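Participant: Just so we're on the same page, the working numbering is the position in the sequence shown counted from 1, plus 1.
My structure is below; once you've seen it, I'll send some questions.
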Amino acid sequence: MSLPRISFSPRPRACLSAALLALALTLAACSGRPGAGSLALSTAPAPEAQEHTILIATTRERDDRPGTYFNRERADKIDFARATVSIPPTHKAGQIEWPAKAPGNPETDFTVRSASYIDGKSAFRAALDKELAKRPKGKREVFVFIHGYNTRFPEALFRMAQLTSDSRLPHVPVLFTWASGGDVTDYIYDNNSATIARDALEETLRTIAASKAEKINILAHSMGNWALMETARQIRISGKPLPQSKIGLFAMAAPDLDVDVFKAQLRRTGKPDRPFILLASKDDRALKASSLIAGGKQRVGAYDNEEELAELGVTVVDLTQIESLDAAHHGKFAQLAQLAPEFRKMLAGQGRRESGGGSEFGVDSVGDVVGSTAKAAVTLPLKILTAPITIFSGAQ
């Protein structure tokens, strides 16, 4: 007896290939990207350069090649390191001045001044407490950054340094870097790597909460939001929440996250005590391509129902009108770092009044921004950003 012949339509595979091609074309860099050896140490003098010490928690595998430290492979357990990165005096906000060749010139380029591994969680916590002790009481806060898809370790490290420098906040920077493949064709690999990183991210956040940190502020970008929300979900399920008194700002930049999944995660975690900050742009080409891969489902970072998000406990910051520094319009959040102190005060309802009356930000508090509906808006002055941003919120 002959078995019936079963044929599979090539359509799903063709659609996925087309979506991946669209994503690749959208995110393709116009120049070479950093590879092995790109983090070689620079010892050249640069008295006017700013230096920032960054603590690192990672699920990446160590790499013994000089100037490399970590690669794209997944490690069996969490690992830690520290690095000091210098920012050139010619630095422009929102940008990373990559050296044409490692180690670069600290007068004009981002350079690594020192770097070393940290052996174990206890040593990491001790290093964190040492950095916190350099800050006065009341300012001992931590800034955790979780990068997104298609990010190599040097790119994650220098982005963390750029955000730290531009924000001008005294927080201790902690980079959580998961094992992204660092190539546009690695979307599925990256998604799985971000999922694997959940336990390590939870361990990192619990370690920080157990330190002398007074507040933990978190910024996740793109696919990093998948790891963040899944971690928040499993912390809730564990029944052992992080100390609420230590939770600061919780920001999600261009989240590459299915909106239905996001709603399900929030149903489990519950409406946050303080709103999540969502940094979104309606012209984000990377999220449009990601939506194709996801069967046409909208991503949270490109969701157009601000009222619904507000009801879930999300404050949406629309960055659409900001002129992007990248072709995909996916990295606008990096330009917002320069606004961090003022933006933070506004979200806390601490907008300062100018002598001519009214608020420096056009409002007296988040409540004044919001009014009675999530569609109320306020434009921040051009002197802070090169283009206006619009605030939406569900607070009453």
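Just so it is clear, CB atoms sit at the ideal spot from N, CA and C, and this is done for glycine as well.
Just so it is clear, the structure is predicted and the values come from calculations on it, not from any experiment.
Straight-line CA distance for Val260 to Thr186?
Facilitator: 23 angstroms
Participant: Which first and last residues belong to the alpha helix (DSSP H) in which Ser156 is found?
Facilitator: Looking at the sequence shown, residue 156 is not Ser but Glu. Note, Glu156: alpha helix (DSSP H), Phe154 to Ser168.
Participant: What is the DSSP secondary structure of Val86, reduced to helix, strand or coil?
Facilitator: strand
Participant: Indicate the three-state DSSP secondary structure (helix, strand or coil) for Arg6 in the structure shown.
Facilitator: With a pLDDT of only 42 at Arg6, under the threshold of 50, the placement of this residue in the model should not be trusted, and no figure is reported.
Participant: According to DSSP, which residues form a beta bridge with Ala128?
Facilitator: In the DSSP output, where bridge partners are listed per residue, Ala128 has none listed.
Participant: According to DSSP, what are the bridge partners of Glu312?
Facilitator: According to DSSP, Glu312 bridges with nothing at all.
Participant: What is the rounded straight-line gap between the Cα of Asn72 and the Cα of Ala157?
Facilitator: 12 angstroms
Participant: Quick one: Cα of Ala127 to Cα of Thr85, how far?
Facilitator: Taking the straight line from one Cα to the other gives about 17 angstroms.
Participant: Under a three-way DSSP split, which group does Asn151 fall into?
Facilitator: coil
Participant: Beta-carbon within less than 6 angstroms of Ser212's beta-carbon, same chain only, minus the 5 sequence neighbours each way: which residues are those?
Facilitator: Arg126, Leu129 and Asp130
Participant: Any idea what DSSP makes of Pro342, helix, strand or coil?
Facilitator: helix
Participant: With DSSP collapsed to three states, give me the class of Ser109.
Facilitator: In the sequence as presented, Ser is not what sits at residue 109; that position holds Thr. It is coil, neither helix nor strand.
Participant: Only counting the same chain, and skipping five residues up and downstream in sequence, which positions put a Cβ closer than 8 angstroms to that of Leu229?
Facilitator: Ile147, Leu202, Ile219, Ala221 and Met253
Participant: Just the C-alpha distance for Lys122 and Ala210, rounded to the nearest angstrom, thanks.
Facilitator: For Lys122 and Ala210, the distance between alpha carbons rounds to 13 angstroms.
Participant: Can you grab the Cα-Cα spacing for the pair Glu98 / Phe144, in whole Å?
Facilitator: 22 angstroms
Participant: Of the choices Ala198, Thr270, Phe263 and Leu280, whose alpha-carbon is the least far from that of Lys241?
Facilitator: Thr270
Participant: If you draw a straight line from the C-alpha of Glu1 to the C-alpha of Pro100, how long is it?
Facilitator: Because the chain is modelled from 2 through 397, residue 1 falls outside the range shown and cannot be assessed.
Participant: Would you say Lys216 and Ser282 are within 8 angstroms of each other, going by their C-beta atoms?
Facilitator: no
Participant: Have a look at Gly1 and Ser246 and give me their C-alpha separation to the nearest angstrom.
Facilitator: With the chain covering only 2 through 397, there is no way to say anything about residue 1.
Participant: Leaving out the 5 sequence neighbours to the left and right, which residues in its chain are closer than 6 angstroms to Val175 when beta-carbon positions are compared?
Facilitator: Leu56, Val143 and Val145
Participant: For Tyr190, I'd like the list of residues in its chain whose CB is within less than 6 angstroms of its CB, leaving aside the five on either flank, ordered along the chain.
Facilitator: Gly182
Participant: Which residue marks the beginning of the beta strand (DSSP E) containing Glu62, and which one marks its end?
Facilitator: Gln51 to Asp64
Participant: What do you get for Asn306, buried or exposed, if any count of 16 or more other CB atoms within 10 angstroms of its CB means buried?
Facilitator: exposed
Participant: Please report the Cβ distance between Leu42 and Arg141, rounded to the nearest whole angstrom; I am assuming they are in contact, meaning their Cβ atoms lie under 8 angstroms.
Facilitator: So it is not a contact: roughly 29 angstroms between Cβ atoms.
Participant: Quick one: is Glu132 buried, meaning 16 or more other Cβ sit within 10 Å of its Cβ, or exposed?
Facilitator: Glu132 comes out buried.
Participant: Our contact map puts Thr178 next to Thr91 with C-beta atoms below 8 angstroms; I'd like the distance itself, whole angstroms only.
Facilitator: With 8 angstroms as the limit, Thr178 and Thr91 do not qualify as a contact, their Cβ atoms being about 27 angstroms apart.
Participant: Which residue comes first and which comes last in the beta strand (DSSP E) that contains Ile189?
Facilitator: Here Ile189 belongs to no beta strand (DSSP E); instead the alpha helix (DSSP H) covers Tyr188 to Ile197.
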